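Asker: The sequence shown begins at 0 in numbering that gives the first Met the number 0 and counts up by one. Cβ atoms here follow ideal geometry from the backbone N, Cα and C, with glycine treated the same way. Just so we're clear, the structure is a prediction, and the values are computed from it rather than from any experiment.
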Amino acid sequence: MLPVVQAFRGAALLPCSTATALPCYPVTAPVGSAMMAASRKFAVRLAAALFLVLARYGYGASARLDAAQTRVLQDCEAAWSREDIVPFACLTLSVECDQSETNIISLSFPSMYLTGPLPPSIGTLTALTSLDLSGNGYLRGPIPSNFSRLSRLQVLDLSLNKLNGSLDAVKAMTSLRDLKLNGNNFKAILPPSFSTLTALTYIDLSYNKFITGHASQLLHLTHVKVLGLRGCSLTGIFPERIGQLTKLQTLSLSNLNGSLPTSLSRLVNLQDLSLTENFFTGSLPESLTILSNLERLKLRTSQLLGTLPSSLGSLTKLTHL
């Protein structure tokens with residue numbers, strides 16, 4: 000994979016192995032005319048950074064990116080602005096091409112406090128393997144339907160934004176390995192939404208209150224290592240056969256009832272177990288102490304009864320309780 004961009008700091012062009020770094024801004028929010036000036040500065044810096052990409056790869060007789068891919072970067076520049084009320088420091092974006100330098104395979108614009116919709120033209124980047132727009136906080140609207148064309152996408156991180164709508168486009172991303180949509184307002188029923196995504200090993204949909212489903216239907220996700228569904232609207236009792244998800248390393252569930260099954264002890268790879276905000280009955284099973292790799296156990300407001308088993312002391316890797 001070849002990086003497309005160079006670092007941009009002031010007027011200097013510096014080699015950069017993975018990203019374009021935009022200048023640092025004060026961490027205190029600007030006020031009045033200063034706020035407007037900061038917004039204009041950001042717009043100029045973002046445009047300048049994307050211009051470096053276009054100047055090197057997208058314009059002229061020697062252009063390697065075709066017009067459609069060049070247009071995607073132009074659409075991003077046109078669609079997004081910065082949310083003025085949010086202070087921020089250093090910003091980093093990156094765009095990467097394949098070995099031939101003719102196809103964009105990675106777009107990364109994380110934590111830049113961008114506001115606006117997702118440009119549908121991103122769906123034309125059919126060679127794209129990674130898309131990271133996480134932590135912007137103000138990207139809004141649905142995932143465009145033509146994102147379903149991103150069949151090579153392996154990493155999709157749209158977490159911590161204001162996105163909404165269905166996950167229909169995600170269902171067609173059959174190469175998807177990591178899916179991070181936590182902290183949005185998406186609407187979906189689990190697990191049918193992901194029945195075709197057999198490569199998924201990382202799912203974090205936490206804090207999407209319109210994502211629903213019955214907890215027992217999660218049991219087919221036997222290949223998943225990280226499953227985050229805290230703050231969703233799941234229903235039902237804690238799955239009795241949760242132990243069949245033996246690859247799990249991180250599990251976070253809320254809004255469930257019933258008792259904790261002894262089959263939890265089969266999750267021998269589990270490192271992080273979060274069961275806060277549930278409506279459980281009974282006590283914490285002694286069998287949990289078999290989980291020798293457990294590092295974090297969160298039980299706040301889980302409604303469990305009784306005292307913690309003294310045998311928890313045998314979990315030598317446990318650092319957070």
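So for Asp74, helix, strand or coil by DSSP?
Answerer: Residue state, collapsed to three classes: helix.
Asker: Between Lys40 and Tyr137, what straight-line distance do the alpha-carbon atoms span, to the nearest angstrom?
Answerer: Its pLDDT being 46, under 50, Lys40 is placed unreliably by the model, and nothing is read from it.
Asker: Could you check how far apart the C-beta atoms of Leu159 and Met172 are, in whole angstroms? I think they sit under 8 Å.
Answerer: Not a contact, Cβ separation roughly 20 Å.
Asker: Taking only the alpha-carbon atoms, compute the straight-line gap between His319 and Gln270 and give it to the nearest angstrom.
Answerer: 11 Å
Asker: Spatial neighbours of Pro25 within its chain, please: CB distance less than 6 Å, with the 5 preceding and 5 following residues excluded, ordered by chain position.
Answerer: Note on Pro25: pLDDT 39, under 50, position unreliable in the model; the coordinate value appears next. Hits under 6 Å: none found.
Asker: Within the continuous beta strand (DSSP E) that includes Ile210, where are the two ends?
Answerer: Per DSSP, Ile210 belongs to the beta strand (DSSP E) from Phe209 to His213.
Asker: Starting from the Cα of Leu218, find the closest Cα among Ser194, Arg229, Leu204 and Gly257 and give me that residue.
Answerer: Checked all of Ser194, Arg229, Leu204 and Gly257; the closest Cα to Leu218 is Ser194.
Asker: Go ahead and pull the three-state DSSP assignment for Thr114.
Answerer: strand
Asker: Buried or exposed: where does Asn277 fall if 16 or more other Cβ atoms within 10 Å of its Cβ makes it buried?
Answerer: buried
Asker: In whole angstroms, give me the CA-to-CA distance for Ile210 and Asp203.
Answerer: 12 Å
Asker: Apart from the five residues just before and just after Thr245, which ones in its own chain have a Cβ nearer than 8 Å to its Cβ?
Answerer: Same-chain partners within the cutoff: Thr221, Arg265, Leu266, Val267 and Asn268.
Asker: With distances taken between CB atoms, is the gap from Ser286 to Leu311 smaller than 8 Å?
Answerer: no
Asker: Measuring CA to CA, which of Leu303, Arg148 and Asp177 is closest to Val344?
Answerer: Outside the displayed span of the chain (0 to 320) sits residue 344, for which this structure offers no information.
Asker: Would you kindly work out how many angstroms separate the C-alpha atoms of Tyr58 and Ala67, rounded to a whole number?
Answerer: With a pLDDT of only 49 at Tyr58, under the threshold of 50, the placement of this residue in the model should not be trusted; the figure read from the coordinates follows. Their Cα atoms are separated by approximately 12 Å.
Asker: Name the two residues that bound the continuous beta strand (DSSP E) containing Lys170.
Answerer: Per DSSP, Lys170 belongs to no beta strand (DSSP E) and is neither H nor E.
Asker: Would you give the residue range spanned by the beta strand (DSSP E) that Val154 belongs to?
Answerer: Val154 to Asp156
Asker: Would you kindly work out how many angstroms separate the C-alpha atoms of Arg148 and Asp167, rounded to a whole number?
Answerer: One Cα belongs to Arg148, the other to Asp167, and the distance between them is close to 12 Å.
Asker: Give me the Cα-Cα distance between Asn254 and Asn184, rounded to the nearest whole angstrom.
Answerer: Roughly 17 Å between the two C-alpha positions.
Asker: Kindly identify the DSSP beta-bridge partner or partners of Tyr137.
Answerer: The bridge partners DSSP lists for Tyr137 are Thr114.
Asker: For Glu95, which of helix, strand or coil comes out of DSSP?
Answerer: strand
Asker: Please list the terminal residues of the continuous beta strand (DSSP E) segment that includes Ala187.
Answerer: Asn184 to Leu189
Asker: Could you round the C-beta distance between Leu124 and Leu157 to whole angstroms and report it? I think they count as a contact, below 8 Å.
Answerer: Contact doesn't hold; Cβ gap of about 15 Å is too wide.
Asker: If you draw a straight line from the alpha carbon of Gln248 to that of Pro260, how long is it in whole angstroms?
Answerer: 18 Å
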